[in-house]
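Student:
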Amino acid sequence: MNRRTLPALTALATATALLLTGCGGESSDPDDKIAGAGENSAEASASPGEKGAGDGIDRPEMEFPGDMEVVLDWGQPSEADQAAALHDAGEYMTAVNYGVEKQDPENAAYKFYVVPLSSAHTFAKDMIKKHVDAGLTGTGALRFSNGKVKLSESGNTASVTFCRDESKYFNKEVKSGKVHKTKVDEKSYYAFTLIMERAKVPKGLWRAKDIAGERGASECVGV
1 MNRRTLPALT
11 ALATATALLL
21 TGCGGESSDP
31 DDKIAGAGEN
41 SAEASASPGE
51 KGAGDGIDRP
61 EMEFPGDMEV
71 VLDWGQPSEA
81 DQAAALHDAG
91 EYMTAVNYGV
101 EKQDPENAAY
111 KFYVVPLSSA
121 HTFAKDMIKK
131 HVDAGLTGTG
141 ALRFSNGKVK
151 LSESGNTASV
161 TFCRDESKYF
171 NKEVKSGKVH
181 KTKVDEKSYY
191 AFTLIMERAK
201 VPKGLWRAKD
211 IAGERGASEC
221 VGV
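Numbering (UniProt numbering), first residue to last: 1 to 223.
1) Under a CB-based cut-off of 8 Å, is V132 close to chain C?
2) Which residues does DSSP pair with C163 in a beta bridge?
3) By DSSP, does E153 sit in helix, in strand, or in coil?
4) How big is the Cα-Cα spacing for R143 and D73?
5) Could you tell me the distance, in whole angstroms, from the CA atom of G204 to the CA atom of E63?
6) Helix, strand or coil for P7 per DSSP?
7) Roughly how many whole angstroms lie between the Cα atoms of R59 and D165?
8) Which two residues bound the contiguous beta strand (DSSP E) that contains D210?
9) Which ranges does the beta strand (DSSP E) cover as unbroken runs of at least 3 residues, wholly within the stretch 72-156, from first to last along the chain?
10) Alpha carbons only, please: which of N156, A85, S176 is nearest the one belonging to L194?
11) What separation, rounded to the nearest whole angstrom, lies between the Cα atoms of E153 and G66?
12) In whole angstroms, what separates the C-alpha of Y113 from that of G56?
13) Per the contact definition of three or more C-beta pairs closer than 8 Å, is the stretch 205-213 in contact with the stretch 113-122?
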C-alpha cells in the first residue's frame, strides 16, 4: 500500500475527520500520514508506562468517569528526551479525549500540551467541537500502544508514532446516554504521527505541534 506524505494541515483535516467518524463508524479516509524527522530513534518497551512523569512539572489533572478509560499501553525509552516526548504525546492524546468528555473546545488540559496556534492545537479544538456539535462523548476503553520516538538532529523536536485501538471504545450520546456500538474491524485501528516540540518553559515539557493519522492501519491491528 502506497502512502503519501502530506502537508501538516491536510493531514490535520484527515485526522480530525477520521476520529470523529471513528468508534466503529463508517468513513472513507485517504491513507495519509506525515513523515518522521531525525536520526535517533527508540521503541518503547512492552511493559506499560508509568502514570506520571515524575518530573516536577505542574500538569493539569484529568479524571474520567467510570465508564471511560484511556490506556497508554507502552513503556518508556531509556533515553530521557525520548521518554519525555513519548510521555507528553500520550498526555496530549489523553487531553483531547478529556476535552471531549468535558464537552469543552477550550479546555485547558489540551492547551497545556500543544504549541499555540499549531496544527495540533487546531486538531484538538476541532475534534472536541465536532463531538460537542454532534452531542457525542466517548465510553469504553481507548488504548494507545506501540509508541516509537525519533529525535531530530537538534534534539528540539521529535516524531512520535503510535497505534490507537478503538475496538472497545464507542460514541455515546450526551443527552440520552445511548451508546453507538458497532462491529470491530480494521477501521477500529489507527496509526498516528505526532511532531513534538521541546518547550522552553516549563523545562522538561514537550508539546504537540503537528499531527496526522491513518485509519484502518494494518500494522496496528492486534498490536
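The beta carbon of each residue, even a glycine, is placed where N, CA and C say it ideally should be.
Tutor: By the coordinates alone:
1) This model lacks chain C altogether, as it is built from one protein chain only.
2) BP columns for C163 point to S145, A191.
3) Coil.
4) Distance between R143 and D73, taken at the CA atoms: about 7 Å.
5) Spanning the two alpha carbons is a distance of roughly 23 Å.
6) Low local confidence applies: a pLDDT of 31 at P7 is under 50, so the model's placement there is unreliable, with the coordinate-based value given in what follows. Three-state result, P7: coil.
7) Cα-Cα distance, rounded: 25 Å.
8) Its beta strand (DSSP E) spans residues 206-215.
9) Listed in chain order, they are 136-151.
10) In terms of CA proximity to L194, A85 leads the group N156, A85, S176.
11) If you take the alpha carbons of E153 and G66, they lie about 42 Å apart.
12) Roughly 16 Å between the two C-alpha positions.
13) The stretch 113-122 is in contact with the stretch 205-213.
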